[in-house]
Amino acid sequence: MVSPIHLKVNGQPRSDEVEPRLLLVYYLREVLNLTGTHVGCDTSSCGACVVLVDGKAVKSCTMLAVQADGSEITTIEGLANGSELHPIQEGFKEQHGLQCGFCTPGMIMTALQLLERNPDPNEAEIREALDGNYCRCTGYHNVVKAIQYAAKKMKKEVFHD
Amino acid sequence: MTNMIGKPVKRVEDKRFISGKGRYTDDIVLPGMLHAHIIRSHYAHAKILGIDTDQAEKMEGVVAIFTGKDIAEAGINGVPCGWQVDFKNGETMKEPPHPLLVAAKARYMGDAVAVVIAESKALAKDAAEMVMVDYEPLDAIVDAAMAVEDGAPLVHEDIPGNMAFDWELGDREKTNQTMAKAHHTTTLEFVNQRLIPNAIEPRCAIGDYDSTNDKYTLYTSSQNPHLIRLLMCAFVLGIPEHKVRVVSPDVGGGFGSKIFHYTEEALMTWCSKQLGKPIKWTAERSESFMTDCHGRDHVTKAQMGFDENGKIIGLRVKTFANLGAYLSTFAPCVPTYLHGTLLQGLYTTTAIHVDVTGVFTHTTPVDAYRGAGRPEATYLLERLIDKAALEMKVDPAALRFKNFIPPFDGINEPGFQTEVALQYDSGNYAPVLKRAMEMVDYEALREEQASGRNNGKLIGIGISTYIEACGIAPSAVVGSLGARAGLYESAQVRVQPTGKVSVYVGSHAHGQGHETTFAQIVADKFGIAMEDVEIVHGDSESVAFGMGTYGSRSLAVGGSAIMKGIEKVLEKGAKIAAHKLEASENDLEFAEGKWTVKGTDKSISFGDVALTAYVPHNYPEGLEPGMDFASFYDPANFTYPFGAHIAVVEVDKETGKVDLKRFIACDDVGNVINPMIVDGQIHGGVAQGIGQALFEGAIYDESGQLVNGSYMDYTMPRADDLPLFETDRTVTPCPHNPLGVKGAGEAGTIGSAPAVVNAVMDALAPFGIKDLEMPLTPEKVWNAIHNNQ
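If you read the protein sequences in the order shown, they are chains P and R.
Going by numbering that gives the first Met the number 0, the first sequence opens with residue 0, and the numbers climb by one from there.
Going by numbering that gives the first Met the number 0, the second sequence opens with residue 0, and the numbers climb by one from there.
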């Protein structure tokens, strides 16, 4: 049995027929070949699969693809503006906010929502926002720094606009 | 570009990772690829009476089901162990087979019983539900110290007392005599609990047999692709090595757990041959919990003896090391040669004896996890010395300063010969502790602690100093200690005709940033731009050989192999340059990417020399064309990084929660190529050590069930559990490798756990609490406080 879904992923309209039990993360990874979104667990605990669904950070292993019917999805692949990195991506590079890179897309998407809601978070607020994302490499130190970098940069950009 | 060494160069690999373009094993999709689901025993110990696959085989999309019987009938050996540690009486280590799928008996929860291969992952899993395995559950044993007792259930029927080996190091008699004379003796009995490494990327293996040329490709999330190829070909599947390519692309963290040759790698390779199609297996997280090798799990009693001046005179250690149900690749060396040999620590102790029994239990195999043996040794020493300081009523920092080995550079002064086989290369131990104390403002903090105590505030300050043996390892030495492999590293430096450089390294990066650090070295030495250097790793088809990445060895051993290649290029380049400049080689100097005739402006660039090597029209007579050098580097000794960590905690008396207020790490990893990356390594290591101290620990029930085998149940540090870390370094170069580097990957993990535990014990000292076992959960701390009031 398959169900039709129509949605936008990184600005591109998509229509597919999927098994109702197919998780959104596997739809992204295996149907659309957007492998930047990762699967790190089976309990919605690690956050490696976070994407934006209609602007909200969602663990895409917690949602069925059919539930995303009609939605707009943004994945890590859709974040940069052409060759210009998003300030959060830039922050992760500048502040060494990643090592193995596996949790990084989820971290970045989570940070994106944080900074949209709170453009000037303090350290505690950043750490709280990352509470659903595991990183085993960095001890979070430079992830925090990366988000602080991005917040600063995004504020400047708003100011210049 | 010159002067690249020592600079915090941003990582070149980051671009792909932050753009979602990392290529991990599970991202690979091959044409016609099938998917495997492995059926695992949910009993820790059970006879397999029968397996009924009839219904499952008839399901749509199911291609094949293989069981342990099929594997046995195919005559496939189990996965081998790469390190032999024998019994004291000379008897050979017990080495039971570890089959790819078990036929008769499951020996731990997660032992693989059958594999279902289907057209999709979901179909394979559906079909697995329909495979009926008839088990007869048996009694299990999970505790190492209990497993050796009479009447304990046997993991392998032919291995009495569940003992794999027993081993000792040091002078037993001298130690006993010395301990008998001790003015003060401190005793510690503890469990260094079992940890689950939990790299965020689950393990994955894709077998791909190509019948057109009878070649196999294995894609695997490994830290160690070349060794996997050797072990799988020569010892498991018996296929010619030159017919097998192993690729480990981007790997999402390893921390030791991806060093080893796992059964799934050989299973996917073999199944692919049977079906003529590529087959992928990706672990679910619960499978990772059950089957990634675990770490630590020591049951230890240790005693430290002091003379009347507070000098440590003796150390006696007895450890039962849990090895799990089978011997993983490097399992025997972890509790022995990576643990016992580190018990000198930073101290001048004159008599040491350590006795280790390696024990089988009905649990997941245990092997190296970040630090591997060295965290266990450091925890033992640093808890003992802190407890002794408390008992003798002296400051724990002062007691350490009194006992430090005096400085030695390993060049003008010889290395320090320990009582436990190793010879330290260079060390200067007091400055790291002094610096860490300065960073934390130790004196002021002690005052704050004292006034806090008067106000009911439980502040604790915990120190830990450590040494580790890294840069693993001199082949002849480890060979004499039981290693069945050499532990050199290989690198091929290929200068392309246009002067761009490709370097093929046997090291494997899975977060360490080799593509940056190694490129910095090459760019610096050749005076070329970073972007003109490419580091290639993880593919046996392009890299000649390698021993992989673990034991903080990549820069000390792999980087040294690159240095050898660099020297060969410069040597040959000088010959070509001399010919082109019509000068003597002795009159040339190489700097800023060109050879110059000293005292003149006559020069030739690195790029022009490279082109000449490949277009050798005007060329030195007798010199081979080309510029491509393969090198192997076998280190002369281990390297010995060291450091001092200080944790500051506040314990909430009402809830028992430990709040880690500050964490200071002053490490000495020798010379540093990229300080940004080294700091990152320290941060991550420290976080894992804090995880052990406060949060983590595998829990088995008596029947051998892993009861916290998920991220919902096994606690790891999250962002809001940790502070920003305060780091600094001293530099004592390694005297025996060309870069003077010692390694930084494990330092954080080794130093941090005892610092945190010492801090909590310090906070709880007013209650008369001297010892608590890790992890120091709120429940444990609360109970201790309230039972001691």
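Backbone N, C-alpha and C define an ideal beta-carbon position, used for all residues, glycine too.
Assuming the contact rule is C-beta atoms closer than 8 Å, Phe403(R) and Tyr346(R) should be a hit. Round their C-beta distance to whole Å, please. That pair is a contact at about 7 Å.
Do Glu286(R) and Gly252(R) count as a contact pair if the criterion is CB distance below 8 Å? Going by C-beta atoms, Gly252(R) is not nearer than 8 Å to Glu286(R).
Please work out which residues of its chain come closer than 8 Å, Cβ to Cβ, to Val419(R), disregarding the five sequence neighbours upstream and downstream, and give them in chain order. Counting only residues of its own chain and dropping the five nearest sequence neighbours on each side, Val419(R) has a CB closer than 8 Å to the CB of Leu168, Gly169, Gly339, Thr340, Leu341, Leu342, Gln343, Ile351, Val353.
Under the rule that 16 or more other beta-carbon atoms within 10 Å means buried, what is Thr91(R), buried or exposed? Flag for Thr91(R) reads exposed.
At a Cβ threshold of 8 Å, is Gly801(R) touching chain P? Shown here, chain R extends from 0 to 788; a query on residue 801(R) therefore has no answer.
What does DSSP give as the partner residue(s) for Cys469(R) in the beta ladder? The partner list for Cys469(R) (beta bridge, DSSP) reads Thr638(R).
Buried versus exposed call for Gln511(R) [16 or more other C-beta atoms within 10 Å across all chains shown]: Note on Gln511(R): 16 or more other CB atoms within 10 angstroms of its CB, so buried under the neighbour-count rule.
Per DSSP, Val298(R) forms a beta bridge with which residues? Looking at the DSSP assignment, Val298(R) forms a beta bridge with Val190(R), Phe319(R).
Proximal residues of chain R, C-beta to C-beta of Glu127(P) below 9 Å: Result: Ala718, Asp719.
Stretch-stretch touch, CB-based, cutoff 8 Å, three pairs: the segment 303 to 320 of chain R with the segment 174 to 181 of chain R: Touching, yes.
Using C-beta distances below 6 Å, list every residue in its chain close to Glu16(P), excluding the 5 sequence neighbours before and after it, in chain order. The beta carbon of Glu16(P) sits closer than 6 Å to the beta carbons of Val1, Pro3 from its chain, once the five residues preceding and following it are set aside; these are given in chain order.
Anything in the segment 86 to 114 of chain P with a Cβ closer than 7 Å to a Cβ of chain R? List those residues in chain order, please. Taking 7 Å as the Cβ-Cβ cut-off against chain R, the residues of the segment 86 to 114 of chain P that qualify are Gln88, Phe91, Lys92, Glu93, His95, Leu97, Gln98, Cys99, Gly100, Phe101, Cys102, Thr103, Pro104, Ile107.
Of all the options Phe234(R), Pro159(R), Ser271(R), Gly688(R), which has the alpha carbon lying nearest to the alpha carbon of Asp213(R)? Of Phe234(R), Pro159(R), Ser271(R), Gly688(R), the residue nearest in Cα terms is Ser271(R).
Buried or exposed by the 16-neighbour rule on C-beta atoms within 10 Å, applied to Val502(R): Buried: at least 16 other Cβ atoms inside 10 Å.
Using CA coordinates, which residue listed in Ala67(P), Ser44(P), Cys45(P) is at the minimum distance from Lys55(P)? Nearest C-alpha to Lys55(P): Ala67(P).
Residue range of the alpha helix (DSSP H) that Cys270(R) falls in? Here the alpha helix (DSSP H) through Cys270(R) covers 262 to 274.
Looking only at its chain, what residues have a beta carbon closer than 7 Å to the beta carbon of Ser702(R), apart from the 5 residues adjacent to it on each side? For Ser702(R), the CB contacts under 7 Å within the same chain, skipping 5 residues up- and downstream, are Ala43, Ala139 in chain order.
With contact counted as at least three CB pairs below 8 Å, one residue from each stretch, are the segment 680 to 688 of chain R and the segment 748 to 755 of chain R in contact? At 8 Å Cβ cutoff, the stretches touch.
Could you pull the DSSP bridge partners for Ala762(R) from this structure? Bridge pairing for Ala762(R): absent [DSSP].
For the segment 551 to 566 of chain R, which residues have a beta carbon sitting closer than 8 Å to at least one beta carbon of chain P? For the segment 551 to 566 of chain R, the set of positions with a beta-carbon nearer than 8 Å to some beta-carbon of chain P is empty.
Selected residue, minimal CA-CA separation from Lys671(R), among Cys665(R), Val730(R), Thr24(R), Leu659(R): The amino acid at residue 671(R) is misidentified as Lys; the sequence shows Val. Of Cys665(R), Val730(R), Thr24(R), Leu659(R), the residue nearest in Cα terms is Val730(R).
Can the beta-carbon of Pro98(R) be found less than 8 Å from the beta-carbon of Ile70(R)? Result yes, Cβ atoms of Pro98(R) and Ile70(R) sit closer than 8 Å.
Buried or exposed for Arg116(P), please, with buried defined as at least 16 other CB atoms from any protein chain shown within 10 angstroms of its CB. Label assigned to Arg116(P): exposed.
Classify Cys665(R) as helix, strand or coil using the three-state DSSP reduction. The answer is strand: DSSP assigns Cys665(R) an E or B state.
Which of helix, strand or coil does DSSP assign to Ile689(R)? Of the three classes helix, strand and coil, the one that applies to Ile689(R) here is helix, per DSSP.
Helix, strand or coil at Ser751(R) according to DSSP, with G and I counted as helix: Ser751(R) falls in the helix class under three-state DSSP.
Starting from the Cα of Pro374(R), find the closest Cα among Phe400(R), Ala429(R), Thr335(R), Asp408(R) and give me that residue. Checked all of Phe400(R), Ala429(R), Thr335(R), Asp408(R); the closest Cα to Pro374(R) is Thr335(R).
What are the boundary residues of the beta strand (DSSP E) that Trp166(R) is part of? Looking at the DSSP string, the run of the beta strand (DSSP E) that includes Trp166(R) is 162 to 169.
Using a Cβ-Cβ cut-off of 6 Å (strictly less than) and excluding sequence neighbours within five positions of Gly33(R), which residues of its own chain qualify? Checking the sequence shown, residue 33(R) turns out to be Leu, not Gly. Counting only Cβ-Cβ distances below 6 Å, and skipping sequence neighbours, we find Val62, Ile116, Lys276, Ile278.
Quick check on DSSP: helix, strand or coil for Asp133(R)? Strand at Asp133(R).
Given a threshold of 16 other Cβ atoms within 10 Å of its Cβ, counted over all protein chains shown, does Ser541(R) qualify as buried or as exposed? Counting Cβ neighbours within 10 Å, Ser541(R) comes out exposed, since fewer than 16 surround it.
So, with DSSP's three-state summary, where would you put His536(R)? Here His536(R) carries a strand assignment [DSSP, helix/strand/coil].
Taking a cut of 7 Å between CB atoms, which residues from the segment 433 to 456 of chain R lie near chain P? From the segment 433 to 456 of chain R, no residue has a Cβ closer than 7 Å to chain P.
Identify the continuous beta strand (DSSP E) that holds Pro3(P) and give its terminal residues. Element bounds for Pro3(P): 2 to 8.
Length of the line joining the Cα atoms of Thr1(R) and Glu588(R): Inter-residue distance for Thr1(R) and Glu588(R) is about 14 Å (C-alpha atoms, whole angstroms).
Per-residue contacts from Phe16(R) into chain P (C-beta, under 7 Å): Chain P residues near Phe16(R): Leu97, Gly100, Thr103.
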